[in-house]
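Scroll down for the structure; my scribbles are underneath it.
There are 2 protein chains.
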Amino acid sequence: MKNKAIVLLSGGLDSTTTLAIAQKEGFEVYALSFDYGQRHKVELERAREIAQIFSVIDHQIMTIDLRQFGGSALTDSIDVPTHRDEKEMSAEIPITYVPARNTIFLSFCLAYAEVKNAKNIFLGVNAVDYSGYPDCRPEFIAAFETLANLATKAGVEGKEKLKIHTPLIQLTKAEIILKGFELGVDYSLTHSCYNPAENGAACGSCDSCLLRLKGFNDAGFEDPIEYRESS
Amino acid sequence: MKNKAIVLLSGGLDSTTTLAIAQKEGFEVYALSFDYGQRHKVELERAREIAQIFSVIDHQIMTIDLRQFGGSALTDSIDVPTHRDEKEMSAEIPITYVPARNTIFLSFCLAYAEVKNAKNIFLGVNAVDYSGYPDCRPEFIAAFETLANLATKAGVEGKEKLKIHTPLIQLTKAEIILKGFELGVDYSLTHSCYNPAENGAACGSCDSCLLRLKGFNDAGFEDPIEYRESS
């Protein structure tokens, strides 16, 4: 019997590559996505399509309204910053940071893992091109793993420990893309833009687009998705 | 200026006492409740009323559908166990355990705290009459506090640390009730039953009712709420 893994699937480049890695490692994948009031709903359509193409065992989309608290350009009407250089991106925690988002997402992964009796959670966070989010750092992930093993029935009963896998955490965007190509990932399915057009075309100028474009450029490939402005 | 605190308010005896303690300690209270598909929705009505009576600054009710994953008698159609003695209650983690519930609730408290710039979270968990839930133990709370300070902007920027307060964690139910009376808490407003009647009357036989009734008995007071069966 295959081991089960919960994969947090946003529909982006990183989480899709992570899903491919989890399957390659032999895990039975249960994918979890969130409808959290994000401005870029096209993400969810891509997540659905990707989950189907990868034939995951189950794909849950959990609705949570993070807009209720406010506080982020990804969920509020605050403008997403554009055309920032790497120095500007790394100078401070960006306005696109959603308060406690990964903590919340991982908590739901934990609940899903407990119900499915899965001992593995895969998360596509990255500490290289991580754009300044505090909850993408290795020490955050380690602290969550400790918490998870104290929070659950299995943890209390001293059974097999739950593990948080972050296979991309030390890779550059270019290395992630090369890894994905190696595993046959079709990146035309993925979506990264914080501020897409109505038709889903990426803006080409938000931090996420800039990191993605730089990654494809460094990897020596052309990004297969549509952009609405040249960058 | 008063310090701000997020109080997790279920509408039960413990969380209401915790709210009273936070106010007594001088905090400006922001209350957070969850509509999580619980069978006992009367809880939420009580939470609303309690938030109003205590004149909290803001009361948010966050909707999350934990039924989507399944796995608990509190959200599923599994029967709530009744008339168990203390030995039976403590023998194993009960079927009323909701997977990762406190991890999820605390994660939202963290998001709310970050948006409101609050450095304090109050939680009415209890390790004495805790009925076997893994996520009510002191080591779980300590691990969450560590996580919280790694997860947030403030944590990264090395500002004032976030603190999780659990003023009831070492008290018996009787001690909690006596503390509440000292602070003027009206326990007729609170609700504890896992399996209430349509009119909101408590069953008197689930673990939560039994612990509550024993607490009032040990404290030497009569429980002011309505029960549908004598116990």
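Which chain is which? The protein sequence lines are A and B, in order. All residue numbers for the first sequence refer to the working numbering, where the first residue is 273 and numbers rise by one. All residue numbers for the second sequence refer to the working numbering, where the first residue is 273 and numbers rise by one. The C-beta atom is built at its ideal place from N, Cα and C for all residues, glycine as well. Here the structure is a predicted model, which is why all the values come from computation and not from measurement.
Checking contacts by CB at 7 Å: is residue i closer than that to chain A?
{"i": "threonine 418/B", "result": "yes"}
{"i": "aspartate 286/B", "result": "no"}
{"i": "proline 371/B", "result": "yes"}
{"i": "serine 379/B", "result": "yes"}
{"i": "alanine 423/B", "result": "yes"}
{"i": "leucine 382/B", "result": "yes"}
{"i": "glutamine 340/B", "result": "yes"}
{"i": "phenylalanine 412/B", "result": "yes"}
{"i": "glutamine 295/B", "result": "no"}
{"i": "glutamine 332/B", "result": "yes"}
With 16 as the cutoff for other CB atoms within 10 Å, does residue i come out buried or exposed?
{"i": "leucine 483/B", "result": "buried"}
{"i": "glycine 492/A", "result": "exposed"}
{"i": "threonine 424/A", "result": "buried"}
{"i": "isoleucine 436/B", "result": "buried"}
{"i": "isoleucine 393/A", "result": "buried"}
{"i": "isoleucine 336/B", "result": "buried"}
{"i": "aspartate 357/A", "result": "exposed"}
{"i": "proline 468/B", "result": "buried"}
{"i": "glutamate 386/B", "result": "buried"}
{"i": "glutamine 442/B", "result": "exposed"}
Among residues of its own chain, excluding the 5 on either side of residue i, which ones have a beta-carbon nearer than 6 Å to its beta-carbon?
{"i": "histidine 331/B", "result": "Ala303, Ala323"}
{"i": "threonine 438/A", "result": "Leu395, Val397, Ile413"}
{"i": "valine 328/B", "result": "Val301, Ala303"}
{"i": "lysine 433/B", "result": "Asn421"}
{"i": "glutamate 417/A", "result": "Ile436"}
{"i": "lysine 296/A", "result": "Leu455"}
{"i": "arginine 409/B", "result": "Ala399"}
{"i": "alanine 294/B", "result": "Ala277, Val279, Val301, Phe394"}
Take residue i as the anchor and find which of the options has the nearest alpha-carbon.
{"i": "tyrosine 499/A", "options": "Gly492/A, Lys486/A, Gly472/A", "result": "Gly472/A"}
{"i": "alanine 415/B", "options": "Gly476/B, Leu378/B, Ala294/B", "result": "Leu378/B"}
{"i": "leucine 419/B", "options": "Cys381/B, Ala446/B, Gly452/B", "result": "Cys381/B"}
{"i": "isoleucine 449/B", "options": "Ala292/B, Leu281/B, Leu422/B, Cys478/B", "result": "Ala292/B"}
{"i": "lysine 388/A", "options": "Ala372/B, Thr290/B, Gly456/B", "result": "Ala372/B"}
{"i": "asparagine 374/B", "options": "Ser480/B, Ala385/B, Glu470/B, Tyr405/B", "result": "Tyr405/B"}
{"i": "phenylalanine 341/A", "options": "Gly309/B, Gln442/B, Gln340/B, Tyr384/B", "result": "Tyr384/B"}
{"i": "leucine 280/B", "options": "Ala469/B, Ile376/B, Tyr466/B, Ile325/B", "result": "Ile376/B"}
{"i": "threonine 444/B", "options": "Cys408/B, Glu470/B, Val400/B", "result": "Val400/B"}
{"i": "isoleucine 325/B", "options": "Gly452/B, Val457/B, Glu470/B", "result": "Val457/B"}
{"i": "alanine 446/B", "options": "Glu411/B, Asp490/B, Glu470/B", "result": "Asp490/B"}
Please go through the same chain and pick out, in chain order, the residues whose beta-carbon is closer than 7 Å to the beta-carbon of residue i, but skip the five residues on each side of it.
{"i": "leucine 316/B", "result": "Gly283, Ser305, Asp307, Ile333"}
{"i": "alanine 390/B", "result": "Lys276, Ala277, Ile278, Tyr302"}
{"i": "cysteine 465/A", "result": "His312, Ala474, Cys475, Cys478, Ser480, Cys481"}
{"i": "histidine 355/B", "result": "Ser477"}
Three-state secondary structure (DSSP) at residue i?
{"i": "leucine 316/B", "result": "helix"}
{"i": "leucine 280/B", "result": "strand"}
{"i": "phenylalanine 394/A", "result": "strand"}
{"i": "valine 387/B", "result": "helix"}
{"i": "glutamine 442/B", "result": "coil"}
{"i": "threonine 335/A", "result": "strand"}
{"i": "serine 477/B", "result": "coil"}
{"i": "aspartate 490/B", "result": "helix"}
{"i": "threonine 424/B", "result": "coil"}
{"i": "glutamate 498/B", "result": "coil"}
{"i": "lysine 274/B", "result": "coil"}
{"i": "alanine 414/A", "result": "helix"}
{"i": "alanine 303/A", "result": "strand"}
{"i": "aspartate 458/A", "result": "coil"}
{"i": "aspartate 330/B", "result": "strand"}
{"i": "lysine 433/B", "result": "coil"}
Quick one: does residue i have its CB under 7 Å from some CB of chain B?
{"i": "leucine 407/A", "result": "The residue you asked about is not leucine; residue 407/A is aspartate in the sequence shown. Answer yes: the Cβ-Cβ gap between aspartate 407/A and chain B drops below 7 Å somewhere."}
{"i": "valine 387/A", "result": "yes"}
{"i": "isoleucine 376/A", "result": "yes"}
{"i": "isoleucine 336/A", "result": "yes"}
{"i": "alanine 415/A", "result": "yes"}
Using C-beta distances below 8 Å, list every residue in its chain close to residue i, excluding the 5 sequence neighbours before and after it, in chain order.
{"i": "threonine 462/B", "result": "Gly283, Gly284, Leu285, Thr288, Arg318, Ile322, Ile497"}
{"i": "aspartate 495/A", "result": "Tyr459, Arg484, Leu485, Phe488"}
{"i": "glycine 298/B", "result": "Lys274, Asn275"}
{"i": "lysine 313/A", "result": "Asp307"}
{"i": "glycine 452/A", "result": "Leu285, Thr288, Thr289, Ala292, Tyr459"}
By the criterion of Cβ-Cβ separation under 8 Å, what are the contact partners of residue i in chain C?
{"i": "alanine 390/A", "result": "No chain C is part of this structure, whose protein chains are labelled A and B."}
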